[in-house]
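Asker: Everything in the sequence shown is counted per numbering that gives the first Met the number 0, starting at 0 for the first residue and increasing by one.
Below is one structure. I have some questions about it.
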Amino acid sequence: MTRHFRILDSALDGLAQPATLAGPGAAHPLWAADLEALGAVPELGAARHCRDIVLCGPCASTMDVARRLVEEGVLAPFGSVITPEQTAGRGQLRRAWLSRPGNVLATLVCPPADGLWNDLRPLVLGYLFAEALSALGQAVQVKWPNDLLSGGRKVAGILVEERKDCVLAGIGVNLGWAPPAEALREGHCVDAGEFVPSDGAVGPVRLWGALVNHVETGYRTLLEAFSPTEFLTIFRSRMAWQGRRVLVREGESVRYEAVVRGISAEGGLLLDRAGREVVLLAGDVIPV
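What follows is the structure in structure tokens.
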């Protein structure tokens, strides 16, 4: 399917700097190479309900920019925003997302989903992005609920937020840089690593375009051809740490060891805790 790119030509009341062909490219050579390969990119202008990829200048968070564009009727499901730099990127539990220009920093507008599909949305997106990245480079697995691992290191992360019927998925991919262990929060679950695409010349803009195309096609296929129960069986093919013993952290004080067994019908992590099956709905797991 054809995916069009557009330049954000408005500051959106201070949410982002307007992008120019010189602005994003000046931040990192991979951006410059991508924009040169794309050729002329039109401005966003008065576009309505589009599925395009919007290139914006430095911003606080692509999730905030995307939300505003949805509220203004500009972006439709599978439309997205990508930036070379954000100052207030966030992950799970509003933890800071560390990145640098050259990495993928983007937000995808998600389509509506009913019933169990809505509960499973984070896993569906994790699975589809893992599939897409694996097709474009090294093998990637999903660490429940939203981290993407390659070679045992975190190369990407996904954050799904829903407000007022607007569902957004923020995605960061370590394409040109990964934070060193000492820069990560104390007690982090896994070290960071870089994703290396098969085409070493591809930059964040073209990689994001390929990812969005793959995810949109896969999303429609999954929801049309499979039931939620069938999806959970499919998901296991990309699930990290199955059968491994992990340390589970729930909140500030609850700690215990368990063995990862799978995914519950509602998307929780199935664990064997000393012979007793438990379902983890929120928390961290660390291999031991």
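C-beta: ideal position from N, C-alpha, C; glycine also.
Using the Cα positions of residue 79 and residue 273, report the straight-line distance between them to the nearest angstrom.
Answerer: Residue 79 and residue 273: Cα-Cα distance of roughly 44 Å.
Asker: Where do the N-terminal and C-terminal ends of the beta strand (DSSP E) with residue 67 fall, by residue?
Answerer: No beta strand (DSSP E) contains residue 67, which is instead part of the alpha helix (DSSP H) from 61-70.
Asker: Since residue 256 is in the beta strand (DSSP E), which residue starts that stretch and which ends it?
Answerer: Unbroken beta strand (DSSP E) run through residue 256: 253-262.
Asker: Count the CB pairs spanning the region 68-77 and the region 46-59 that are closer than 8 Å, and state whether there are at least three.
Answerer: Cβ pair count under 8 Å is three or more, so yes.
Asker: Does residue 92 pass the burial test, meaning 16 or more other C-beta atoms within 10 Å, or should it be called exposed?
Answerer: With a pLDDT of 49 at residue 92, under the threshold of 50, the modelled position of this residue cannot be trusted; read the value that follows with caution. Residue 92 should be labelled exposed.
Asker: Report buried or exposed for residue 254, applying the criterion of at least 16 other Cβ atoms within 10 angstroms of its Cβ.
Answerer: Residue 254 should be labelled exposed.
Asker: Alpha carbon to alpha carbon, what distance is there between residue 153 and residue 239?
Answerer: Spanning the two alpha carbons is a distance of roughly 11 Å.
Asker: Specify the secondary structure class of residue 155 as computed by DSSP and reduced to three states.
Answerer: It is a strand residue.
Asker: Determine the DSSP secondary structure at residue 194, reduced to helix, strand or coil.
Answerer: DSSP places residue 194 in coil when its eight states are reduced to three.
Asker: Among 45, 205, 16 and 282, which has the Cα closest to the Cα of residue 135?
Answerer: Nearest of 45, 205, 16 and 282 to residue 135, Cα basis: 205.
Asker: Could you check the C-alpha separation between residue 108 and residue 165 for me, to the nearest Å?
Answerer: C-alpha separation (whole angstroms): 8 Å.
Asker: Does the distance from the CB of residue 247 to the CB of residue 286 come in under 9 Å?
Answerer: No, the Cβ-Cβ distance between residue 247 and residue 286 is not below 9 Å.
Asker: Going by DSSP, what residue range makes up the beta strand (DSSP E) through residue 275?
Answerer: Here the beta strand (DSSP E) through residue 275 covers 275-279.
Asker: Given this structure, state the Cα-to-Cα distance separating residue 202 from residue 128, to the nearest angstrom.
Answerer: Taking the straight line joining both Cα atoms gives about 17 Å.
Asker: Could you name the residues of the same chain whose beta carbon sits closer than 6 Å to that of residue 268, not counting the 5 residues immediately before and after it, in chain order?
Answerer: The answer, listed in chain order, is 143 and 279.
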